[in-house]
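Everything below concerns the one structure shown next.
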(Lines of atoms letter the chains of each structure in order from A and count residues from 1; the text may use other names and numbers.)
(Lines give C-alpha, C1' and ligand atoms only; values in the text may rest on other atoms or scores of the structure.)
Protein backbone atom coordinates (compact mmCIF):
# COMPACT_ATOMS: atom_id res chain seq x y z
CA UNK A 1 0.00 0.00 0.00
CA UNK A 2 2.78 2.41 0.89
CA UNK A 3 4.62 1.89 -2.43
CA UNK A 4 1.49 2.60 -4.46
CA UNK A 5 0.87 5.77 -2.49
CA UNK A 6 4.41 6.93 -3.02
CA UNK A 7 4.32 6.28 -6.74
CA UNK A 8 1.00 8.12 -7.08
CA UNK A 9 2.35 10.99 -5.00
CA UNK A 10 5.32 11.34 -7.32
CA UNK A 11 3.15 11.39 -10.41
CA UNK A 12 0.92 13.95 -8.76
CA UNK A 13 3.87 16.16 -7.91
CA UNK A 14 5.13 15.97 -11.49
CA UNK A 15 1.69 16.89 -12.72
CA UNK A 16 1.53 19.90 -10.38
CA UNK A 17 4.98 21.11 -11.53
CA UNK A 18 3.97 20.73 -15.16
CA UNK A 19 0.76 22.61 -14.64
CA UNK A 20 2.62 25.42 -12.85
CA UNK A 21 5.18 25.54 -15.66
CA UNK A 22 2.45 25.70 -18.32
CA UNK A 23 0.71 28.42 -16.37
CA UNK A 24 3.94 30.46 -16.12
CA UNK A 25 4.63 30.01 -19.82
CA UNK A 26 1.12 31.14 -20.73
CA UNK A 27 1.56 34.15 -18.43
CA UNK A 28 4.93 35.01 -19.97
CA UNK A 29 3.52 34.55 -23.45
CA UNK A 30 0.58 36.78 -22.58
CA UNK A 31 2.88 39.41 -21.09
CA UNK A 32 5.14 39.23 -24.15
CA UNK A 33 2.18 39.66 -26.45
CA UNK A 34 0.89 42.55 -24.33
CA UNK A 35 4.29 44.26 -24.39
CA UNK A 36 4.47 43.83 -28.16
CA UNK A 37 1.02 45.37 -28.62
CA UNK A 38 1.91 48.27 -26.30
CA UNK A 39 5.17 48.81 -28.18
CA UNK A 40 3.34 48.86 -31.50
CA UNK A 41 0.75 51.31 -30.16
CA UNK A 42 3.40 53.59 -28.67
CA UNK A 43 5.39 53.42 -31.89
CA UNK A 44 2.36 54.24 -34.00
CA UNK A 45 1.41 57.14 -31.75
CA UNK A 46 4.98 58.47 -31.83
CA UNK A 47 5.14 58.17 -35.61
CA UNK A 48 1.73 59.80 -35.99
CA UNK A 49 2.77 62.62 -33.64
CA UNK A 50 6.07 63.02 -35.46
CA UNK A 51 4.31 63.00 -38.83
CA UNK A 52 1.82 65.59 -37.57
CA UNK A 53 4.63 67.77 -36.29
CA UNK A 54 6.44 67.53 -39.63
CA UNK A 55 3.25 68.42 -41.51
CA UNK A 56 2.52 71.33 -39.17
CA UNK A 57 6.09 72.56 -39.58
CA UNK A 58 5.81 72.28 -43.36
CA UNK A 59 2.49 74.14 -43.34
CA UNK A 60 3.99 76.81 -41.12
CA UNK A 61 6.94 77.16 -43.49
CA UNK A 62 4.59 77.59 -46.46
CA UNK A 63 2.20 79.97 -44.69
CA UNK A 64 2.48 83.66 -45.65
CA UNK A 65 2.70 86.06 -42.74
CA UNK A 66 2.14 89.81 -43.00
CA UNK A 67 5.16 91.88 -42.00
CA UNK A 68 4.78 95.36 -40.47
CA UNK A 69 6.83 98.14 -42.08
CA UNK A 70 7.08 101.94 -42.30
CA UNK A 71 7.46 104.08 -45.42
CA UNK A 72 10.45 106.42 -45.26
CA UNK A 73 9.90 109.89 -46.73
CA UNK A 74 12.06 112.95 -47.43
CA UNK A 75 14.93 110.99 -49.03
CA UNK A 76 16.19 111.28 -52.61
CA UNK A 77 18.35 108.96 -54.68
CA UNK A 78 21.75 110.36 -55.66
CA UNK A 79 22.40 111.16 -59.32
CA UNK A 80 25.39 108.83 -59.68
CA UNK A 81 23.49 105.76 -58.45
CA UNK A 82 22.81 103.27 -61.23
CA UNK A 83 21.43 100.36 -59.19
CA UNK A 84 20.03 99.88 -55.70
CA UNK A 85 20.53 96.83 -53.47
CA UNK A 86 17.21 95.44 -52.31
CA UNK A 87 18.40 95.46 -48.67
CA UNK A 88 20.46 98.10 -46.84
CA UNK A 89 21.65 97.28 -43.31
CA UNK A 90 23.71 100.28 -42.21
CA UNK A 91 23.62 104.07 -42.31
CA UNK A 92 27.00 104.18 -44.05
CA UNK A 93 25.66 102.01 -46.87
CA UNK A 94 22.38 103.96 -46.99
CA UNK A 95 24.22 107.27 -47.42
CA UNK A 96 26.02 105.88 -50.47
CA UNK A 97 22.70 105.83 -52.31
CA UNK A 98 20.45 108.42 -50.65
CA UNK A 99 20.48 111.98 -49.42
CA UNK A 100 18.08 113.74 -47.05
CA UNK A 101 15.52 116.17 -48.50
CA UNK A 102 14.74 118.30 -45.45
CA UNK A 103 12.21 121.10 -45.88
CA UNK A 104 10.76 123.64 -43.46
CA UNK A 105 7.96 122.70 -41.09
CA UNK A 106 7.32 120.08 -38.44
CA UNK A 107 6.77 117.34 -41.01
CA UNK A 108 9.69 118.44 -43.17
CA UNK A 109 12.32 116.19 -41.58
CA UNK A 110 13.23 112.80 -43.09
CA UNK A 111 11.74 109.75 -41.43
CA UNK A 112 14.20 108.59 -38.71
CA UNK A 113 15.84 105.19 -39.27
CA UNK A 114 17.46 103.21 -36.42
CA UNK A 115 19.94 100.97 -38.23
CA UNK A 116 20.74 99.17 -34.97
CA UNK A 117 17.24 97.68 -35.05
CA UNK A 118 16.00 98.30 -38.61
CA UNK A 119 17.01 97.79 -42.22
CA UNK A 120 15.86 99.26 -45.52
CA UNK A 121 14.21 97.80 -48.60
CA UNK A 122 14.50 100.25 -51.48
CA UNK A 123 13.27 100.20 -55.09
CA UNK A 124 13.47 102.67 -57.96
CA UNK A 125 12.99 102.99 -61.72
CA UNK A 126 15.01 104.53 -64.51
CA UNK A 127 14.93 108.31 -64.75
CA UNK A 128 12.44 109.57 -67.34
CA UNK A 129 10.17 112.49 -68.22
CA UNK A 130 7.06 110.44 -67.42
CA UNK A 131 5.05 110.84 -64.25
CA UNK A 132 5.71 107.58 -62.36
CA UNK A 133 4.45 106.78 -58.88
CA UNK A 134 5.68 103.91 -56.68
CA UNK A 135 3.36 102.72 -53.91
CA UNK A 136 3.75 99.81 -51.44
CA UNK A 137 1.17 97.00 -51.71
CA UNK A 138 2.26 94.33 -49.22
CA UNK A 139 5.22 92.86 -47.35
CA UNK A 140 4.93 89.17 -46.45
CA UNK A 141 7.19 86.36 -45.26
CA UNK A 142 6.86 82.77 -46.48
CA UNK A 143 9.45 80.43 -44.99
CA UNK A 144 12.80 82.14 -45.53
CA UNK A 145 11.48 84.36 -48.32
CA UNK A 146 10.43 87.99 -47.73
CA UNK A 147 8.28 89.33 -50.59
CA UNK A 148 7.74 93.04 -51.16
CA UNK A 149 5.00 93.85 -53.70
CA UNK A 150 4.68 97.43 -54.92
CA UNK A 151 2.78 99.18 -57.69
CA UNK A 152 4.32 101.17 -60.54
CA UNK A 153 1.80 103.66 -61.91
CA UNK A 154 2.86 105.39 -65.10
CA UNK A 155 1.16 108.59 -66.20
CA UNK A 156 1.70 111.05 -68.99
CA UNK A 157 4.81 112.96 -69.98
CA UNK A 158 6.14 115.96 -68.06
CA UNK A 159 8.48 118.82 -68.92
CA UNK A 160 11.10 117.57 -66.45
CA UNK A 161 13.02 114.37 -65.72
CA UNK A 162 12.62 112.55 -62.42
CA UNK A 163 13.53 109.24 -60.82
CA UNK A 164 11.05 108.18 -58.14
CA UNK A 165 12.10 105.83 -55.35
CA UNK A 166 10.28 103.89 -52.65
CA UNK A 167 11.97 103.20 -49.31
CA UNK A 168 10.45 101.12 -46.51
CA UNK A 169 11.78 100.42 -43.01
CA UNK A 170 11.70 96.85 -41.59
CA UNK A 171 12.64 95.45 -38.18
CA UNK A 172 15.86 93.40 -38.14
CA UNK A 173 13.92 90.72 -36.27
CA UNK A 174 12.48 89.82 -39.67
CA UNK A 175 15.20 87.84 -41.45
CA UNK A 176 15.10 86.21 -44.86
CA UNK A 177 15.82 86.55 -48.57
CA UNK A 178 14.39 89.77 -50.04
CA UNK A 179 12.31 89.54 -53.22
CA UNK A 180 10.93 92.75 -54.76
CA UNK A 181 7.97 92.38 -57.11
CA UNK A 182 6.87 95.42 -59.17
CA UNK A 183 3.22 95.39 -60.31
CA UNK A 184 2.45 97.72 -63.19
CA UNK A 185 -0.78 99.70 -62.91
CA UNK A 186 -2.47 100.89 -66.08
CA UNK A 187 -3.93 104.37 -65.79
CA UNK A 188 -6.77 105.60 -67.92
CA UNK A 189 -5.27 108.22 -70.22
CA UNK A 190 -8.61 110.03 -70.48
CA UNK A 191 -8.29 112.01 -67.27
CA UNK A 192 -8.13 115.66 -66.30
CA UNK A 193 -4.35 115.82 -66.57
CA UNK A 194 -4.21 114.47 -70.10
CA UNK A 195 -7.56 115.55 -71.53
CA UNK A 196 -8.29 119.03 -70.12
CA UNK A 197 -6.67 122.38 -70.79
CA UNK A 198 -5.91 122.78 -67.11
CA UNK A 199 -2.87 125.08 -67.09
CA UNK A 200 -3.79 128.70 -66.43
CA UNK A 201 -5.19 131.02 -63.77
CA UNK A 202 -8.19 130.28 -61.54
CA UNK A 203 -9.99 132.78 -59.36
CA UNK A 204 -12.82 132.91 -56.83
CA UNK A 205 -13.82 133.56 -53.23
CA UNK A 206 -13.62 130.58 -50.88
CA UNK A 207 -15.69 130.31 -47.67
CA UNK A 208 -14.12 131.58 -44.43
CA UNK A 209 -15.18 130.71 -40.87
CA UNK A 210 -14.49 134.14 -39.36
CA UNK A 211 -14.48 136.58 -42.30
CA UNK A 212 -16.46 137.47 -45.42
CA UNK A 213 -14.44 135.10 -47.56
CA UNK A 214 -10.97 134.40 -48.92
CA UNK A 215 -10.29 135.85 -52.35
CA UNK A 216 -8.07 133.24 -53.96
CA UNK A 217 -6.12 133.16 -57.22
CA UNK A 218 -4.17 130.06 -58.26
CA UNK A 219 -1.94 129.82 -61.31
CA UNK A 220 -1.14 126.25 -62.40
CA UNK A 221 1.77 125.96 -64.82
CA UNK A 222 2.49 123.03 -67.13
CA UNK A 223 6.02 122.70 -65.67
CA UNK A 224 4.54 121.53 -62.35
CA UNK A 225 4.78 124.86 -60.50
CA UNK A 226 2.07 127.10 -59.07
CA UNK A 227 1.52 130.60 -57.68
CA UNK A 228 -1.28 131.12 -55.14
CA UNK A 229 -2.44 134.53 -53.91
CA UNK A 230 -4.95 134.85 -51.04
CA UNK A 231 -6.60 137.79 -49.28
CA UNK A 232 -9.05 137.72 -46.38
CA UNK A 233 -11.86 140.08 -47.36
CA UNK A 234 -12.27 143.03 -45.02
CA UNK A 235 -8.89 142.60 -43.36
CA UNK A 236 -5.26 141.83 -43.95
CA UNK A 237 -3.05 142.01 -47.00
CA UNK A 238 -2.51 139.71 -49.95
CA UNK A 239 -0.22 136.75 -49.38
CA UNK A 240 1.53 134.97 -52.22
CA UNK A 241 2.94 131.44 -52.09
CA UNK A 242 4.91 129.70 -54.83
CA UNK A 243 5.96 126.09 -55.17
CA UNK A 244 5.47 122.80 -56.98
CA UNK A 245 2.37 120.65 -57.27
CA UNK A 246 1.86 116.92 -57.77
CA UNK A 247 -0.85 114.96 -59.57
CA UNK A 248 -2.34 111.88 -57.95
CA UNK A 249 -2.20 108.55 -59.77
CA UNK A 250 -5.65 109.08 -61.31
CA UNK A 251 -4.54 112.33 -62.97
CA UNK A 252 -7.50 114.17 -61.42
CA UNK A 253 -6.33 115.78 -58.17
CA UNK A 254 -3.33 118.05 -57.63
CA UNK A 255 -1.66 118.74 -54.28
CA UNK A 256 0.07 122.06 -53.76
CA UNK A 257 3.36 121.46 -51.96
CA UNK A 258 3.99 124.04 -49.26
CA UNK A 259 5.27 124.40 -45.71
CA UNK A 260 1.83 124.30 -44.13
CA UNK A 261 0.79 121.33 -42.02
CA UNK A 262 -2.44 120.71 -43.96
CA UNK A 263 -2.19 119.61 -47.61
CA UNK A 264 -3.92 121.84 -50.16
CA UNK A 265 -5.72 119.54 -52.59
CA UNK A 266 -7.61 120.59 -55.73
CA UNK A 267 -9.75 118.54 -58.07
CA UNK A 268 -9.38 119.62 -61.70
CA UNK A 269 -12.62 119.72 -63.70
CA UNK A 270 -13.68 121.34 -66.96
CA UNK A 271 -13.05 125.10 -66.66
CA UNK A 272 -12.52 125.09 -62.87
CA UNK A 273 -10.73 123.62 -59.87
CA UNK A 274 -12.50 122.43 -56.73
CA UNK A 275 -10.90 122.75 -53.30
CA UNK A 276 -11.04 119.46 -51.36
CA UNK A 277 -10.70 118.76 -47.65
CA UNK A 278 -7.41 117.64 -46.12
CA UNK A 279 -8.23 113.98 -46.84
CA UNK A 280 -8.84 114.72 -50.52
CA UNK A 281 -12.63 114.37 -50.30
CA UNK A 282 -15.18 116.68 -51.88
CA UNK A 283 -16.87 119.12 -49.52
CA UNK A 284 -20.63 118.56 -49.47
CA UNK A 285 -23.64 120.46 -48.18
CA UNK A 286 -25.09 123.88 -48.90
CA UNK A 287 -21.66 125.52 -49.28
CA UNK A 288 -20.26 122.88 -51.66
CA UNK A 289 -20.66 125.07 -54.76
CA UNK A 290 -18.58 127.84 -53.13
CA UNK A 291 -15.42 125.74 -53.16
CA UNK A 292 -14.87 126.16 -56.91
CA UNK A 293 -12.38 128.53 -58.51
CA UNK A 294 -13.23 129.38 -62.11
CA UNK A 295 -10.64 129.50 -64.87
CA UNK A 296 -10.06 133.00 -66.25
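Residue numbers (the numbering used here): 143 to 438. Just so you know, even glycine gets a beta-carbon here, dropped at the ideal spot from N, CA and C. Keep in mind that this is a model prediction, so the values were computed, not measured.
Cβ-based burial, residue i [other Cβ within 10 Å; buried from 16]
i: residue 260; result: buried
i: residue 393; result: buried
i: residue 230; result: buried
i: residue 273; result: buried
i: residue 146; result: Bear in mind that the predicted position of residue 146 carries a pLDDT of just 46, short of 50, making it unreliable; the figure below should be weighed with that in mind. The residue is exposed, with fewer than 16 neighbouring Cβ atoms inside 10 Å.
i: residue 295; result: buried
i: residue 351; result: exposed
i: residue 210; result: exposed
i: residue 327; result: exposed
i: residue 362; result: buried
Distance, residue j Cα to residue i Cα
i: residue 388; j: residue 263; result: 25 angstroms
i: residue 251; j: residue 333; result: 33 angstroms
i: residue 432; j: residue 228; result: 48 angstroms
i: residue 275; j: residue 408; result: 19 angstroms
i: residue 206; j: residue 429; result: 48 angstroms
i: residue 173; j: residue 288; result: 56 angstroms
i: residue 346; j: residue 426; result: 18 angstroms
i: residue 233; j: residue 257; result: 6 angstroms
i: residue 434; j: residue 358; result: 10 angstroms
i: residue 399; j: residue 290; result: 29 angstroms
i: residue 265; j: residue 397; result: 24 angstroms
i: residue 241; j: residue 354; result: 45 angstroms
i: residue 301; j: residue 342; result: 16 angstroms
i: residue 385; j: residue 424; result: 23 angstroms
i: residue 438; j: residue 369; result: 15 angstroms
i: residue 379; j: residue 422; result: 28 angstroms
i: residue 217; j: residue 224; result: 16 angstroms
Which of helix, strand or coil DSSP assigns to residue i
i: residue 501; result: Residue numbering for the chain in the displayed model covers 143 to 438; residue 501 lies beyond these limits and cannot be assessed.
i: residue 211; result: coil
i: residue 178; result: helix
i: residue 173; result: helix
i: residue 430; result: helix
i: residue 366; result: coil
i: residue 310; result: strand
i: residue 318; result: coil
i: residue 415; result: strand
i: residue 423; result: coil
i: residue 392; result: coil
i: residue 377; result: coil
i: residue 405; result: coil
i: residue 438; result: coil
i: residue 205; result: coil
Within-9 angstroms CB hit, residue i to chain E
i: residue 285; result: In summary, chain E is missing from the structure at hand, where a single protein chain is found.
Report task. Count the CB pairs spanning the stretch 411 to 429 and the stretch 367 to 382 that are closer than 8 angstroms, and state whether there are at least three. Result -> no
Query raised in the report: Pairing CB atoms from the stretch 306 to 324 with CB atoms from the stretch 280 to 289, are three or more of them under 8 angstroms?
Result: With a cut-off of 8 angstroms, the stretch 280 to 289 and the stretch 306 to 324 count as touching, because enough Cβ pairs lie within range.
Query raised in the report: Which parts of the stretch 326 to 359 are runs of the alpha helix (DSSP H), unbroken and 4 residues or longer, counting only runs that do not cross its ends?
Result: 334 to 337
Query - Runs of alpha helix (DSSP H) wholly within the stretch 214 to 247 (minimum 4 residues, chain order) - result: 233 to 239
Query raised in the report: Can you give, in chain order, each stretch of the beta strand (DSSP E) that sits fully within the stretch 240 to 300 and has at least 3 residues?
Result: Taken in chain order, the unbroken stretches of beta strand (DSSP E) that lie wholly in the stretch 240 to 300 and span 3 residues or more are 240 to 242, 260 to 266, 270 to 284.
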